[in-house]
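**Q**
Residue numbers (the working numbering): 2 to 104.
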């Protein structure tokens, strides 16, 4: 998982694939651990990341979304997150963030 989450001193950097794993937890985790607004924002970011990745050749969106919704933790989920990163390339994550109005 080290390529999805990289420790840098006291903080972590996340790739787009790593971010998907975190926002999936907000979307599909226990209701008391997020707000409706938090789940909505998480869903918008997940959709943007997956849309850009799909536009750039990611072919497993449906199965990946199903696995995330089931809160599955497996090597396959991690590999799909890495595939998202590879499809996004260097600028894809920023494009996804821009689509949801981020900085």
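All C-beta atoms, glycine included, are put in the ideal place defined by N, C-alpha and C.
How long is the line joining the alpha carbons of residue 23 and residue 5, rounded to whole angstroms?
**A** Translated into positions along the chain shown, residue 23 becomes position 22. Translated into positions along the chain shown, residue 5 becomes position 4. Spanning the two alpha carbons is a distance of roughly 11 Å.
**Q** My output table needs one value for residue 7: the three-state DSSP class, helix, strand or coil.
**A** Within the chain shown, the letter at position 6 stands for residue 7. Reduced to three states, the DSSP call for residue 7 is strand.
**Q** Measuring CA to CA, which of 77, 93 and 44 is closest to residue 56?
**A** Counting from one through the chain shown, the residue named residue 56 turns up at place 55. Taking only the C-alpha atoms, the option nearest residue 56 is 93.
**Q** Fully enclosed by the region 5-61, which alpha helix (DSSP H) runs are 4 residues long or longer?
**A** The region 5-61 contains these whole alpha helix (DSSP H) runs: 17-29 and 37-56.
**Q** Compare the C-alpha of residue 82 against each of 95, 97 and 66 and name the closest.
**A** Start at 1 with the first residue of the chain shown, and residue 82 comes out as number 81. Closest by alpha carbon: 66.
**Q** In three-state terms, what does DSSP make of residue 85?
**A** Locating residue 85 in the chain shown gives position 84, counting from the first residue. The answer is helix: DSSP assigns residue 85 an H, G or I state.
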